[in-house]
Amino acid sequence: MDLLVVGSGFFGLTIAERAAASGRKVTVLERRHHIGGNAYSEDEVSTGIEIHRYGAHLFHTSNATVWEYVNRFTAFTSYVHRVYTTHRGVVFPLPINLGTINQFFQAAYTPDEARALVAEQAGEFDARAAANLEERGIGLIGRPLYEAFIRDYTAKQWQTAPAELPAEVISRLPVRYTYDNRYFNDTWEGLPVDGYTAWLERMADHPNIEVKLSTDFFDASQPLHKQAVVGQVPVVYTGPVDRYFDDAEGALSWRTLDFEQEVLEVADFQGTSVMNYADADVPYTRIHEFKHFHPERADRYPKDRTVIVREFSRFAEPGDEPYYPVNTPADRERVLAYRELARGEKDVHFGGRLGTYQYLDMHMAIGSALSLWNNTLA
Ligand code: FDA
1 MDLLVVGSGF FGLTIAERAA ASGRKVTVLE RRHHIGGNAY SEDEVSTGIE
51 IHRYGAHLFH TSNATVWEYV NRFTAFTSYV HRVYTTHRGV VFPLPINLGT
101 INQFFQAAYT PDEARALVAE QAGEFDARAA ANLEERGIGL IGRPLYEAFI
151 RDYTAKQWQT APAELPAEVI SRLPVRYTYD NRYFNDTWEG LPVDGYTAWL
201 ERMADHPNIE VKLSTDFFDA SQPLHKQAVV GQVPVVYTGP VDRYFDDAEG
251 ALSWRTLDFE QEVLEVADFQ GTSVMNYADA DVPYTRIHEF KHFHPERADR
301 YPKDRTVIVR EFSRFAEPGD EPYYPVNTPA DRERVLAYRE LARGEKDVHF
351 GGRLGTYQYL DMHMAIGSAL SLWNNTLA
């Protein structure tokens with residue numbers, strides 16, 4: 001074995017694939033019973049509808065190198081992501097755009113009129129000097145839009161009133177003064193034609209790659225555990241950085257998600273893939289209806305049933321899946337201390353969202369793995 005990769009998410013698989021293609025023998029350890037990290041998907045058994053097990057994953061990128069690379073393993077559908085939100089029983093398009101504004105104010109503003117109105121309403125606070133998230137939100141888009149679309153949704157995400165959250169949680173709130181409600185601004189987007197798991201499996205499908213599932217790097221009873229390999233063979237580690245150092249600098253904080261899945265006896269529950277719920281009286285943040293991610297599979301998917309998943313957000317406890325870094329000032333200090341410790345680890349390369357304590361989109365995880373390979377490991 002020339003390289004050990006801990007974790008089979010997009011970061012680890014990209015490293016493994018590049019190393020294998022250049023003739024190295026790679027072993028990938030994966031704690032879960034399946035490859036793919038959080039991008040893993042599987043078919044719901046009774047309907048055959050593809051479900052993204054760890055939250056909805058939409059691929060998008062403007063990075064030509066990444067786009068060329070991912071197309072070696074999968075084709076992409078022409079799916080274009082759009083999100084809607086329900087506020088006080090009315091559905092509005094997101095991100096906030098001219099359609100949202102005109103529907104909300106029951107008006108027919110031109111782009112300039114809408115821009116002037118929002119600027120006037122945002123004048124209540126200076127967003128740059130905001131003392132908390134609420135002031136910043138109002139300073140960016142004005143109180144009416146903030147209270148309708150941001151305040152309660154953010155409170156549900158953070159289990160904390162926005163007036164008690166630091167202003168840095170949001171740096172900007174994009175408002176589009178057109179009717180464009182494409183969710184992503186990237187050059188390319190789409191969903192893998194045969195699903196995420198087929199894509200991930202093709203990346204790992206090489207005679208030089210051995211994947212060991214249900215195998216934890218820290219389990220001393222398996223032969224490739226931390227003490228046995230570090231210093232003996234180069235390691236790319238994509239698990240949580242604090243766990244690697246036994247929480248020596250303290251545990252990093254994360255938000256997690258709970259998913260409540262239901263099969264319904266209706267053809268179409270909500271008419272779209274993602275519906276946010278902006279108000280405080282609905283406990284979940286959004287509902288995904290997975291058949292809408294693949295309209296091209298209409299022939300194959302059932303006509304009388306659908307699968308929905310309600311998503312709830314909360315602070316992670318020990319044992320929960322870490323999803324989004326909380327990034328408190330204490331977390332930021334700890335990350336710096338862990339980075340220092342990481343520099344002292346001989347031939348161990350920390351990467352991916354858990355290994356660097358960063359939210360990374362898939363194209364970012366793949367792009368940073370390609371950089372690590374090209375600049376350092378190759
Ligand atoms: P990832 O977490 O995928 O993989 C790490 C792997 O390491 C896991 O499989 C884990 O089990 C394994 N591991 C950890 N510790 C280990 C140990 N001790 N031993 C062995 N294995 C170990 N991105 C995007 O582009 N579009 C989107 O729509 C979304 N949507 C989205 C929704 C939600 C809810 C989340 C949380 C994230 C997204 N993402 C996303 C981001 C996407 O999930 C992310 O880019 C990838 O998961 C990053 O891949 P990594 O390999 O870095 O981590």
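If you use UniProt numbering, the sequence shown corresponds to residues 1 to 378, in order. A virtual CB, placed ideally from N, CA and C, is assigned to each residue, including glycine. This one's a predicted model, so the numbers in the text were calculated from it and none came from an experiment.
| Item | Value |
| --- | --- |
| Shorter than 7 Å, the distance from the beta carbon of Asn-71 to the closest heavy atom of the ligand FDA, or not? | no |
| With a threshold of 7 Å (Cβ to nearest heavy atom), would residue 389 be considered close to the ligand FDA? | The requested residue 389 does not occur in the structure, where the chain is confined to residues 1 to 378. |
| Using a Cβ distance threshold of 8 Å, determine whether the stretch 19 to 34 contacts the stretch 156 to 164, with at least three qualifying pairs required. | no |
| Between Leu-354 and Val-241, how many whole angstroms is the CB-CB distance? I'm expecting something under 8 Å. | 7 Å |
| For Glu-50, is the classification buried or exposed, using 16 other Cβ atoms within 10 angstroms of its Cβ as the cut-off for buried? | buried |
| Considering Pro-11, what are the terminal residues of the alpha helix (DSSP H) in which it resides? | At residue 11 the sequence reads Phe, which differs from the Pro that was named. Its alpha helix (DSSP H) spans residues 10 to 21. |
| Within the same chain, show all residues whose beta-carbon is closer than 7 Å to that of Asn-63, passing over the 5 residues directly before and after it, in chain order. | His-363, Gly-367 |
| Pop quiz: Phe-10 and Ala-56 are said to be a contact at Cβ under 8 Å. What is the actual Cβ separation, rounded to whole angstroms? | Actually they do not touch by this definition, with Cβ atoms about 16 Å apart. |
| Inspect the beta-carbon positions of Val-175 and Ile-287 and report whether they are closer than 8 Å. | no |
| What span of residues does the alpha helix (DSSP H) with Ser-371 cover, start to end? | 362 to 372 |
| What does the alpha-carbon distance come out to for the pair Leu-173 and Leu-133? | 11 Å |
| Could you tell me whether the Cβ atoms of Leu-224 and Leu-29 are closer together than 8 Å? | yes |
| Report whether the distance from the Cβ of Asn-38 to the nearest heavy atom of the ligand FDA is below 7 Å. | yes |
| Just to confirm the assignment: which complete beta strand (DSSP E) runs, minimum length 3, are found wholly within the stretch 288 to 315? | 306 to 315 |
| With a threshold of 7 Å on Cβ separation, who are the neighbours of Ala-251 within its own chain once the five nearest residues in sequence on each side are excluded? | Asp-242 |
| Closest to His-292 by CA distance: which of Arg-88, Thr-77, Glu-147, Tyr-237 is it? | Thr-77 |
| What residues are listed by DSSP as bridge partners for Trp-188? | Thr-61 |
| Please report the residue range of the beta strand (DSSP E) in which Leu-4 lies. | 3 to 6 |
| Three-state secondary structure (DSSP) at Arg-353? | helix |
| Find out if the Cβ-Cβ distance for the pair Val-236, Gly-23 is shorter than 8 Å. | no |
| Contact check, Asp-258 vs Arg-314 under 8 Å by CB: the rounded distance? | 7 Å |
| May I ask which residues mark the beginning and end of the beta strand (DSSP E) holding Arg-255? | 254 to 264 |
| CB-CB under 8 Å to Asp-219, same chain, minus the five flanking residues each way: which ones, in chain order? | His-225 |
| Should Met-1 be counted as a contact of the ligand FDA given a C-beta to heavy atom distance under 7 Å? | no |
| In its own chain, which residues sit with a C-beta less than 7 Å from the C-beta of Asp-152, not counting the 5 before and 5 after it? | Ala-278, Asp-279, Ala-280 |
| Give me whichever residues DSSP pairs with Asp-43 in a beta bridge. | Glu-50 |
| Thinking Thr-238 and Gly-351 are a contact (beta carbons under 8 Å), I'd like their distance in whole angstroms, please. | 5 Å |
| Under DSSP, the beta strand (DSSP E) around Thr-85 begins and ends at which residues? | 83 to 87 |
| Among Thr-14, Gly-7, Pro-302, whose alpha-carbon lies nearest the alpha-carbon of Trp-373? | Thr-14 |
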